[in-house]
Amino acid sequence: MKVLCVAEKPSIAKSISQILSGGQFTTSNTNSPYIKNYEFDYPQTNSTFTVTCVSGHLTSQDFYETHRKWNSCDAFELFDAPVETFIAKDKKAIEQNLKVQARRADVLMIWTDCDREGEHIGLEIVRVCREVKRNIIVKRARFSAIIAQQIHRAAQHPVELDRAQADAVEARMILDLKVGAAFTRMQTQTLQSRVGQLAEGGVISYGPCQFPTLGFIVQRYNRVKDFRPETFWFIYLAVSRLTSSQGNEDTAFNWRRGHCFDVEVAVALYEMVLENPRARVTKVTNKSTRKWKPLPLTTVELQKAGSRLLGLAPKKVLDVAEKLYQQGFVSYPRTETDQYDPQFDFMTLIHKQTVDPAWGGFATGLEQGNFNTPRKGKNNDKAHPPIHPTAHAGNLAGEEKRVYEFITRRFLACCSKDAEGWQTTVDIVCGGEDFYATGLVVLEKNYLEVYPYDKWTGHVIPEFAEGEEFDPSVCELREGQTSRPNYLTEADLVTLMDKNGIGTDATIAQHIQTIIDRDYVIERMEGATKYLIPSTLGVGLIEGYNQIGLDKSVSKPQLRRETERRMVQVCERAVTKNDMLHQSIDQYKEMFIIAKREFNKVVTVCNSISVIGIVLNCTC
DNA sequence: GCAAGGTC
1 MKVLCVAEKP SIAKSISQIL SGGQFTTSNT NSPYIKNYEF DYPQTNSTFT VTCVSGHLTS
61 QDFYETHRKW NSCDAFELFD APVETFIAKD KKAIEQNLKV QARRADVLMI WTDCDREGEH
121 IGLEIVRVCR EVKRNIIVKR ARFSAIIAQQ IHRAAQHPVE LDRAQADAVE ARMILDLKVG
181 AAFTRMQTQT LQSRVGQLAE GGVISYGPCQ FPTLGFIVQR YNRVKDFRPE TFWFIYLAVS
241 RLTSSQGNED TAFNWRRGHC FDVEVAVALY EMVLENPRAR VTKVTNKSTR KWKPLPLTTV
301 ELQKAGSRLL GLAPKKVLDV AEKLYQQGFV SYPRTETDQY DPQFDFMTLI HKQTVDPAWG
361 GFATGLEQGN FNTPRKGKNN DKAHPPIHPT AHAGNLAGEE KRVYEFITRR FLACCSKDAE
421 GWQTTVDIVC GGEDFYATGL VVLEKNYLEV YPYDKWTGHV IPEFAEGEEF DPSVCELREG
481 QTSRPNYLTE ADLVTLMDKN GIGTDATIAQ HIQTIIDRDY VIERMEGATK YLIPSTLGVG
541 LIEGYNQIGL DKSVSKPQLR RETERRMVQV CERAVTKNDM LHQSIDQYKE MFIIAKREFN
601 KVVTVCNSIS VIGIVLNCTC
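For the first sequence, full-length UniProt numbering gives the first residue as 1, with consecutive numbering after it.
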């Protein structure tokens, strides 16, 4: 029996070939430079296997010619316009290869990633293959990690493609196209005369991910803009005392009440303390404490760290990681998984790092007994392990070197032990008010030795004994002010998007880049930190939608969440694909009508929605 | 000239 296996991308095709063939396979080229076909016998099922792949989605969607041109129709018509599915030009060679291989095969086995998108890509593959072989038997290999045992199991016990998941994806594709195109054309056509200079291409784009992303940035911008500092008061208490190591040192005690915004109350409490200023130690607590080592590395975490620690934009980090992956230095960089498979081979990978001049010694230590199983996070995409180094890279430079170093140190840290310390808390009472001081001694740095990105500094405090009394050397009523919140950083934004389900691990960085390219957002450096600030146009769009009562729907994450929820319903077969599509489209149609009417007022009677009028530089 | 999702 001849079995044609098709994976989602070249790396998986190669991995499963190596596993299933035991390393004995022949390789042949195709007309696509990235795609190879692997052939071998698989006696376990009496078959000859050909393994190949696609490169993500095979097909694209667009309107037909009648609606494709911007002036061919009213933008509103796009909601009901038919959509064409076709194989993009750059995917033709892949399609051709599939057809040639399908003609020779009895069975088509789908090996795409085991997620919704993978199920849809599987269906795209099936459709192409059936064009040349209508009765080909279709199977789906289901695996949760690229590990020998699981891959063999998947090959020997295939299941069926999940049509409902593919349907959910198809509905989302059509929805996003229609909504994106309709709103983008409408916004551009109604507002462009009011916007001074437009970015390259002259488009005021709308997208169901772009706008909530911009919304986060504007929301924070408003908080910063509206911030008014508030004065507060607190009692500061300190005592000078001899420590074992540093000589005489002031130990500051924190007021249990934190701080107080009412000056009269603060003064009254302070006077009580002054009347009876002798302090008494009520409790001394000593306990061991630890700083947890980091979780296994996901794409989102890599992007956050890249931005925060390496000063690289999320998109840049992903590009660099992709390059390292192409060179074979790190594992697949797009993963949601923050837990390692129990059978994961840590020791081989750790051994490869022992030759490194900087962290080789640490890796050796792990080999010689310091190894500790990594922590387990809550996420598993069932396709890729956490990001880890796959080979030692000694000759990298610049950004590649820094990203590789981070990934490797993170991996070694995960395989190490938590840092251990000793924490002391001294509780005192003074004039009827409670205060406390804490001290920390770091006993074992463990993972911190190889992971300088985390800081945990010890602070030794002198000895205090329960019941002892002393006179504080400083007792003052001090004044402070609440501080202005910061603008959003890229790392903050990635976190917000991830939490709210805006975009995916592979697309979050792109969405941020898009709203920068569209001139909705400006990057501003303050020291080493990059902040994201909305442009006049960006604020105007979000405030404009807020002003006309569409804020919940357009600039906030709720609507994308509803789309997501409906997709899950389709997957669970509670709702059909068409029902989902129509529910969502009706919702957007309603908003479209309101938005178009109000946006037109910006141009004609500006005052009715002053915010858009002002920020879009309307002159009336 | 429009989207978001895969991927190289």
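We treat Cβ as the ideally placed atom computed from N, Cα and C, and that holds for glycine.
Residue i CB to nearest heavy atom of the ligand ADP below 7 Å
i, result
"leucine 412", "Within the structure as shown, the ligand ADP is missing, as the structure has no ligands at all."
Cross-strand partners of residue i (DSSP beta bridge)
i, result
"tyrosine 531", "Thr489 and Arg524"
"serine 55", "Answer by DSSP bridge pairing: none, since serine 55 is not bridged."
"alanine 437", "Val426"
"histidine 459", "Leu440"
"methionine 109", "Cys5 and Lys139"
"residue 643", "Any property of residue 643 remains undetermined from this structure, which presents the chain solely from 1 to 620."
"alanine 238", "Ala252 and Val474"
"tryptophan 233", "Cys260 and Glu479"
"threonine 26", "Glu39"
"valine 330", "Pro389"
"alanine 419", "Lys291"
"glutamate 275", "According to DSSP, which records beta bridges pairwise, glutamate 275 is partnered with nothing at all."
"glutamine 61", "Thr85"
"glutamate 469", "Arg280"
First and last residue of the uninterrupted alpha helix (DSSP H) at residue i
i, result
"isoleucine 350", "346-352"
"threonine 576", "Taken as a continuous stretch (DSSP letters only), threonine 576 belongs to no alpha helix (DSSP H), as it is neither H nor E."
"valine 403", "398-414"
"lysine 178", "163-191"
"tyrosine 221", "210-226"
"serine 15", "10-21"
"phenylalanine 362", "360-365"
"glutamate 301", "299-309"
"asparagine 517", "Inspection of the sequence shows that residue 517 is occupied by aspartate rather than by asparagine. From DSSP, the alpha helix (DSSP H) with aspartate 517 extends over 508-517."
"lysine 92", "92-103"
Cβ neighbours of residue i in the same chain (closer than 7 Å, five flanking residues each side left out)
i, result
"serine 535", "Asp519, Tyr520, Val521 and Ile522"
"glutamine 156", "Gln44 and Thr45"
"asparagine 29", "Lys36"
"glutamate 449", "Phe362"
"glutamate 143", "Before going further, note that residue 143 is phenylalanine rather than glutamate in the sequence given. Within the same chain, phenylalanine 143 has close Cβ partners Cys114, Gln150, Ile151 and Ala154."
"methionine 1", "Asn46, Ser47, Asp106 and Val107"
"lysine 552", "Gln558"
"serine 610", "Caution is warranted here: a pLDDT of 45 is assigned to serine 610, below 50, making its placement in the model unreliable, and the coordinate value is therefore given only provisionally. Contacts found: none."
Neighbourhood of residue i by C-beta, 6 Å cutoff - its chain only, sequence neighbours within 5 removed
i, result
"isoleucine 146", "Ser15"
"isoleucine 12", "none"
"arginine 308", "Ala491"
"arginine 375", "Leu295"
"aspartate 162", "Glu119"
Residue i and residue j closer than 8 Å at C-beta
i, j, result
"alanine 105", "threonine 184", "no"
"glutamate 526", "arginine 278", "no"
"alanine 437", "isoleucine 407", "no"
"aspartate 167", "valine 570", "yes"
"serine 240", "aspartate 250", "yes"
"valine 602", "leucine 214", "no"
"leucine 581", "alanine 171", "yes"
"alanine 509", "proline 212", "no"
"glutamate 124", "threonine 59", "yes"
"threonine 489", "lysine 530", "yes"
"phenylalanine 234", "isoleucine 428", "no"
"glycine 439", "valine 273", "no"
"valine 539", "valine 218", "yes"
"glutamate 160", "valine 128", "no"
Sequence-distant residues of the same chain with beta carbon closer than 8 Å to residue i, five excluded per side
i, result
"proline 10", "Tyr34, Ile35, Lys36, Cys53 and Ser55"
"glutamine 327", "Ala393"
Limits of the unbroken beta strand (DSSP E) element including residue i
i, result
"leucine 448", "No beta strand (DSSP E) holds leucine 448; DSSP gives it neither H nor E."
"residue 624", "The requested residue 624 is not part of the displayed model; the chain covers only 1 to 620."
"glycine 544", "Element bounds for glycine 544: not the beta strand (DSSP E) but the alpha helix (DSSP H), 536-547."
"residue 634", "Absent from the model: residue 634. The displayed extent of the chain is 1 to 620, so no value can be given."
"glutamate 84", "83-87"
"lysine 291", "279-291"
Okay, do the region 259-269 and the region 297-307 touch, 3+ Cβ pairs below 8 Å being the bar? no
Taking three-plus beta-carbon pairs below 8 Å as touching, is the region 355-364 in contact with the region 311-323? no
Check whether the region 128-136 and the region 64-71 are in contact - that is, three or more C-beta pairs closer than 8 Å. no
Does the pairing of the region 175-182 with the region 73-85 give three or more beta-carbon distances under 8 Å? yes
Below 8 Å, how does it come out for the region 379-388 and the region 328-337: are there three or more Cβ pairs, yes or no? yes
Taking 8 Å as the cut-off, does the region 419-439 touch the region 340-352 (at least 3 CB pairs, one atom from each stretch)? no
Count Cβ pairs between the region 368-383 and the region 247-262 that sit closer than 8 Å; are there 3 or more? no
Taking contact to mean at least 3 C-beta pairs separated by less than 8 Å, is the region 252-267 in contact with the region 439-446? no
With three or more beta-carbon pairs closer than 8 Å as the criterion, would you say the region 285-292 touches the region 482-499? no
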